[in-house]
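Undergrad: Below are the C-alpha cells for one structure; questions will follow.
Set out below in C-alpha cells:
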C-alpha cells in the first residue's frame with residue numbers, strides 16, 4: 004500500500020501531501036531537478052518541500068550562478 008503523509012513545507016509553510024510510496028504521482032514529481040539542483044536544495048533543507056518552493060529554489064540556483072560552485076565540489 005502506498006505511503007502518503009500530510010506535510011508542511013519548511014520553506015513557506017504550505018500544506019501538501021507527500022507520496023513517498025508513489026513518487027510519480029507526488030506533487031514534487033512535477034519539478035524535474037538535476038543532481039546539482041538537488042544538492043543545492045539539500046544543503047538548505049532536509050525535508051520535503053512543496054512544488055512551488057522546489058521550482059523557486061531551482062530558479063534561484065540558476066539565477067545566483069551556483070551551477071559552477073556545486074559541480075566543482
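Numbering (the working numbering), first residue to last: 4 to 76. A virtual CB, placed ideally from N, CA and C, is assigned to each residue, including glycine.
With residue 1 as the anchor, note down where its alpha helix (DSSP H) starts and where it stops.
TA: The chain is shown from 4 up to 76; residue 1 falls before or after that span and cannot be answered.
Undergrad: Quick one: what's got a C-beta closer than 7 Å to residue 61's C-beta in the same chain, skipping five residues either side?
TA: The residues are 34, 36, 40.
Undergrad: Relative to the C-alpha of residue 48, which residue among 67, 31, 12, 58 is closest?
TA: Comparing Cα-Cα distances from residue 48 to each of 67, 31, 12, 58, the minimum goes to 12.
Undergrad: Using the three-state DSSP reduction, which class does residue 10 fall into: helix, strand or coil?
TA: The answer is strand: DSSP assigns residue 10 an E or B state.
Undergrad: On the DSSP bridge assignment, give the partners of residue 18 in chain order.
TA: Bridge partners of residue 18: 11.
Undergrad: Measure from the alpha carbon of residue 10 to the alpha carbon of each residue in 53, 24, 38, then state which is nearest.
TA: Of the candidates 53, 24, 38, the one whose C-alpha sits nearest the C-alpha of residue 10 is 53.
Undergrad: So, is residue 15 buried or exposed, given that buried needs 16 or more other C-beta atoms within 10 angstroms?
TA: The residue is exposed, with fewer than 16 neighbouring Cβ atoms inside 10 Å.
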